Amino acid sequence: MPSGAAPERAGWLIATLAAVIAITSARVALLWFNRMDLFVDEAQYWLWGQELALGYYSKPPMIGWVIRAATELAGSDAPFWVRLPAPLFHGVTALVLGWIAHGLWGARAAFWVALGYVTLPMVAVGSILVSTDTVMFPFLALALGGWIKVLRGGGRGWAIGTGLALGLAFLSKYAAVYYLLCAPLAALLIRAARPRLRAALTVVGVFALTISPNVVWNLLNGLTTLQHTLDNADWVRDPGSRAGLNLGGLAEFLASQFAVFGPVLFGALLWRALRGARACDMARVMLVFSLPIVLIVSGQALLSGAYANWAAAAYLAGALAVLPWLRPGWRAASFAVNGAASLALPVLGVFAEQAAPGGRPLLERYLGLDEMSGQIIALARETGHAVVVADDRDILADLFYTGRESGLAFLAVPPVGRAPHHYALNYPVPEGLEGTVLYVGRNRAPACDAGAVPLAVIAPESGAYRGTQVGVFEVPADCWRVKR
1 MPSGAAPERA GWLIATLAAV IAITSARVAL LWFNRMDLFV DEAQYWLWGQ
51 ELALGYYSKP PMIGWVIRAA TELAGSDAPF WVRLPAPLFH GVTALVLGWI
101 AHGLWGARAA FWVALGYVTL PMVAVGSILV STDTVMFPFL ALALGGWIKV
151 LRGGGRGWAI GTGLALGLAF LSKYAAVYYL LCAPLAALLI RAARPRLRAA
201 LTVVGVFALT ISPNVVWNLL NGLTTLQHTL DNADWVRDPG SRAGLNLGGL
251 AEFLASQFAV FGPVLFGALL WRALRGARAC DMARVMLVFS LPIVLIVSGQ
301 ALLSGAYANW AAAAYLAGAL AVLPWLRPGW RAASFAVNGA ASLALPVLGV
351 FAEQAAPGGR PLLERYLGLD EMSGQIIALA RETGHAVVVA DDRDILADLF
401 YTGRESGLAF LAVPPVGRAP HHYALNYPVP EGLEGTVLYV GRNRAPACDA
451 GAVPLAVIAP ESGAYRGTQV GVFEVPADCW RVKR
């Protein structure tokens, strides 16, 4: 049973709110002083917010909507306002998980789960960089809490709310679909996880209705998001030649989960998996909503490779499966390690430009992006070009953001075949463009190479592009038309 000093029943909400609000407020304050440029994905999400749609090239639409709402309310597109939803969404998620724990195991469990979640390493990272995981989490937590209510006899309203929450989670990131796999698996294994048929059908029906606009968008746009997802999986398109036993990739992914969830908590989750039969019914349900996700992504890592955050959806239920049951010593160790990471990461963002041992900036990967764009924009103005064309997604992402008030047009090299990214899909050089354009490439002329005139080479000595040479050329606007 949950144990350890923590607020009793009457005061759990006040204590939990106080802890979560204090940590979230500190993150927001440090975010104000953050020196990191918007990263490539963040800049792309900001652009999605400028072109509101029911779907986008690689992700569902919620993150674009959220960023647009934040920047409209603030009246500013500054990085702080683009990222502000991140710590706020994590704070809400912590409170929702605390509410679930309180309903299942009482006040102490609620406090430890909420505090444990809000200090997770993945939450610390997700509070300084806005991502689709962050936007998905509060909806996914609400769906999990609603499903527990349905399992415990909640009425039709809970079923409708659960389907809606899961649909909104899916519109934030497609990883929410894991819960549609975990729920029937839990029902198969655990008697207490078997809902009434009518309630289950209501959840699925409301979910389907909620996601239908994005499904229609995908059908009208060549299933572009599905195609991108298959590209990420890689081996799916050609299992015979691409799939293999990548033991190094599996080991790297599993090792990364100790950093994502915290070394103590991920170790405890694996230990709980081995002793699952001894857990109470609802703790076992949480394990089933967590471990299969880790296993699925581990399979992807073994066959091809997987990023550390691909199993992030596992750790909402994972927190509920582990935190209430940790012994005080292990809980203290977990909070010491995760708390240190939670403090260090936002502080690093403030001092991102400071030199680390070796002389490079502490967070070099997140610096110099706007400087590169500024130099390209300056060259376009000096040479009298109103259109800048690039073949690199990273360069295009920041050009659109940094150059949002420049008056210049930014375009992508037209794709041959399926578009490789959002910019090639939505902003290719049009057929009728006349005159000359400024072309930016990784120190190479465009593939069409029709009358390209070298103008400059940009070779940053620090920042994200350190060691990279970016060539700038004057190119006839019909260059790619000739090629095609």
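Using the UniProt record's numbering, the first residue of the sequence shown is number 1, and each one after it goes up by one.
Cβ atoms here follow ideal geometry from the backbone N, Cα and C, with glycine treated the same way.
Just so it is clear, the structure is predicted and the values come from calculations on it, not from any experiment.
### Message
In this structure, how does DSSP classify A412 when only helix, strand and coil are distinguished?
### Response
By one-based count along the sequence shown, residue 412 stands at place 412. Three-state result, A412: strand.
* Compare the C-alpha of R83 against each of A94, R68, V92, P61 and name the closest. => Stepping through the sequence shown from its first residue, residue 83 is reached at position 83. When each option's Cα is compared against that of R83, the closest is R68.
Notebook entry, point to check: When you compare each of L180, K173, Q300 to D133 by their alpha carbons, which one comes out closest?
Noted result: Residue mapping note: residue 133 aligns to position 133 of the sequence shown, counting from 1. Comparing Cα-Cα distances from D133 to each of L180, K173, Q300, the minimum goes to K173.
message = Assuming the contact rule is C-beta atoms closer than 8 Å, A477 and G435 should be a hit. Round their C-beta distance to whole Å, please.
response = Residue numbering aside, residue 477 sits at position 477 when the sequence shown is read from its first letter. Residue numbering aside, residue 435 sits at position 435 when the sequence shown is read from its first letter. Yes, they are in contact, since the Cβ atoms of A477 and G435 sit about 5 Å apart, within 8 Å.
Checklist entry - Taking buried to mean at least 16 other C-beta atoms within 10 Å of its own C-beta, is W480 buried or exposed? => result To locate residue 480, count along the sequence shown from 1; it is residue 480. The residue in question, W480, is buried, as its Cβ has 16 or more Cβ neighbours within 10 Å.
In this structure, does DSSP put E474 in helix, strand or coil? As a working note, residue 474 is residue 474 in the sequence shown. Per DSSP, reduced to three states, the secondary structure at E474 is strand.
Quiz item: Name the DSSP beta bridge partners of A355, please?
Solution: To locate residue 355, count along the sequence shown from 1; it is residue 355. P361.
Excluding the five sequence neighbours on either side, which residues of its own chain have a C-beta within less than 6 Å of the C-beta of M1, listed in chain order?
To locate residue 1, count along the sequence shown from 1; it is residue 1. Because M1 carries a pLDDT of 49, less than 50, the predicted location of this residue cannot be relied on, and no value is offered for it.
Counterpart residues of A456 in DSSP-defined beta bridges | Position 456 of the sequence shown, counting from 1, holds the residue named residue 456. DSSP output for A456 lists V472 as bridge partner(s).
Closer than 7 Å by C-beta to A355: which residues in its own chain qualify, once you throw out the five before and the five after it? Chain order, please.
As a first step, residue 355 is located in the sequence shown; it is residue number 355 there, counting from the start. Listed in chain order, the non-local C-beta contacts of A355 below 7 Å within the same chain comprise P361, local neighbours out to five positions each way being set aside.
TODO: Flag this pair as yes or no: are the beta carbons of L166 and A143 separated by less than 7 Å?
DONE: Working through the sequence shown from its first residue, we reach residue 166 at position 166. Working through the sequence shown from its first residue, we reach residue 143 at position 143. In terms of Cβ geometry, L166 and A143 form a close pair [threshold 7 Å].
>> Taking its Cβ as the centre, do 16 or more other Cβ atoms sit within 10 Å of S290, making it buried, or is it exposed?
In response: Within the sequence shown, residue 290 is the residue found at index 290, counting from 1. Per the 10 Å Cβ criterion, buried.
Check: Name the DSSP beta bridge partners of A390, please?
Finding: Position 390 of the sequence shown holds residue 390. In the DSSP assignment, the residues bridged to A390 are A412, V440.
Q) Any idea if Y401 is buried or exposed, counting beta-carbon neighbours within 10 angstroms, 16 or more meaning buried? A) What you label residue 401 is simply residue 401 of the sequence shown in a count that begins at 1. Buried, because 16 or more other Cβ atoms sit within 10 Å of the Cβ of Y401.
Item checked: Cut-off 7 Å between Cβ atoms - residues of its own chain near R194, not counting five sequence neighbours on either side -> On the sequence shown, residue 194 is found 194 positions in, with the first residue counted as 1. Beyond the five residues adjoining it in sequence on each side, R194 comes within less than 7 Å, by CB distance, of A187 in the same chain, given in chain order.
Rounding to the nearest angstrom, what Cα-Cα distance links A456 and P121 in this structure? Start at 1 with the first residue of the sequence shown, and residue 456 comes out as number 456. Start at 1 with the first residue of the sequence shown, and residue 121 comes out as number 121. If you draw a straight line from the Cα of A456 to the Cα of P121, it is about 42 Å long.
Along the chain, where does the alpha helix (DSSP H) containing G349 start, and where does it finish? Position 349 of the sequence shown, counted from the start, is the residue given in the question as residue 349. It spans 328-350 - the alpha helix (DSSP H) in which G349 sits, taken as one unbroken run.
Worksheet item: Who does P428 pair with in a DSSP beta bridge?
Response: In the sequence shown, residue 428 corresponds to position 428, counting from 1. Answer is A412, bridged to P428.
Rounded straight-line distance, which links the Cα of A159 to that of L369:
Counting from one through the sequence shown, the residue named residue 369 turns up at place 369. Counting from one through the sequence shown, the residue named residue 159 turns up at place 159. One Cα belongs to L369, the other to A159, and the distance between them is close to 46 Å.
- Item | Euclidean distance between Cα positions of A109 and G98 | Locating residue 109 in the sequence shown gives position 109, counting from the first residue. Locating residue 98 in the sequence shown gives position 98, counting from the first residue. Computed Cα separation, rounded: 8 Å.
How would you write the range of the alpha helix (DSSP H) that C310 sits in, first residue to last? In the sequence shown, counting from the first residue as 1, residue 310 sits at position 310. Note that residue 310 is Trp in the sequence shown, not Cys. Looking at the DSSP string, W310 is not in any alpha helix (DSSP H), and its letter there is neither H nor E.
Can you name the start and end residues of the alpha helix (DSSP H) that E371 belongs to? As a working mapping, residue 371 is identified with position 371 in the sequence shown. 369-382 is the span of the alpha helix (DSSP H), which, as asked, contains E371.
Problem set entry | Residue burial classification, G467 (beta-carbon count within 10 angstroms, cutoff 16) | Position 467 of the sequence shown, counted from the start, is the residue given in the question as residue 467. Exposed: under 16 other Cβ atoms inside 10 Å.
Open item on the list: Quick check on the burial criterion: 16 or more other C-beta atoms within 10 angstroms. Buried or exposed for residue 489?
Closed with: With the chain covering 1 to 484 only, the question about residue 489 has no answer from this structure.
- How many whole angstroms separate the CB atoms of A412 and L399, which I take to be in contact at a CB cut-off of 8 Å? For the purposes of this step, residue 412 is identified with residue 412 of the sequence shown, where counting begins at 1. For the purposes of this step, residue 399 is identified with residue 399 of the sequence shown, where counting begins at 1. Between L399 and A412 the Cβ distance is about 10 Å, and since that is not below 8 Å, they are no contact.
Work out the CA separation of L323 and P357 for me, nearest whole Å. Taking the sequence shown and counting its residues from 1, one reaches residue 357 at position 357. Taking the sequence shown and counting its residues from 1, one reaches residue 323 at position 323. Distance between the alpha carbons of P357 and L323: 36 Å.
In three-state terms, what does DSSP make of V130?
On the sequence shown, residue 130 is found 130 positions in, with the first residue counted as 1. In the three-state reduction of the DSSP assignment, V130 falls in the coil class.
Review point. Do the CB positions of C182 and V288 come within less than 7 Å of each other?
Key: Walking along the sequence shown from the start, residue 182 turns up at place 182. Walking along the sequence shown from the start, residue 288 turns up at place 288. The answer is yes: Cβ separation under 7 Å.
Determine the extent of the alpha helix (DSSP H) in which F111 is found, giving its start and end residues. Here residue 111 is taken as the residue at index 111 of the sequence shown, counted from 1. Taken as a continuous stretch (DSSP letters only), the alpha helix (DSSP H) holding F111 covers 107-118.
field: Selected residue, minimal CA-CA separation from A147, among P184, T119, F111
entry: Numbered from 1 along the sequence shown, position 147 holds the residue referred to as residue 147. In the sequence on display, residue 147 carries Trp and not Ala. Comparing alpha carbon positions, the residue from P184, T119, F111 closest to W147 is P184.
* Buried or exposed by the 16-neighbour rule on C-beta atoms within 10 Å, applied to F33 -> Taking the first residue of the sequence shown as 1, we reach residue 33 at position 33. By the Cβ neighbour-count rule, F33 is exposed, with fewer than 16 other Cβ atoms within 10 Å of its own.
Would the beta-carbon of A199 fall within 7 Å of that of R272?
As a first step, residue 199 must be located in the sequence shown, where it is residue number 199. As a first step, residue 272 must be located in the sequence shown, where it is residue number 272. Inclusion of A199 and R272 in the CB contact set at 7 Å is not warranted, their separation being larger than that value.
Note to self: Quick check on DSSP: helix, strand or coil for C280?
What the structure shows: Taking the sequence shown and counting its residues from 1, one reaches residue 280 at position 280. Residue state, collapsed to three classes: coil.
Roughly how many whole angstroms lie between the Cα atoms of I21 and A259? As a working note, residue 21 is residue 21 in the sequence shown. As a working note, residue 259 is residue 259 in the sequence shown. Our two residues, I21 and A259, have alpha carbons roughly 24 Å apart in a direct line.
task: Could you tell me the distance, in whole angstroms, from the CA atom of G91 to the CA atom of I100?
output: The residue you call residue 91 lines up with position 91 of the sequence shown. The residue you call residue 100 lines up with position 100 of the sequence shown. Taken atom to atom, the span from the alpha-carbon of G91 to that of I100 is near 15 Å.
Outcome for S373 when other beta-carbon atoms lying within 10 angstroms are tallied against a minimum of 16:
As a position in the sequence shown, residue 373 is number 373, starting the count at 1. The residue in question, S373, is buried, as its Cβ has 16 or more Cβ neighbours within 10 Å.
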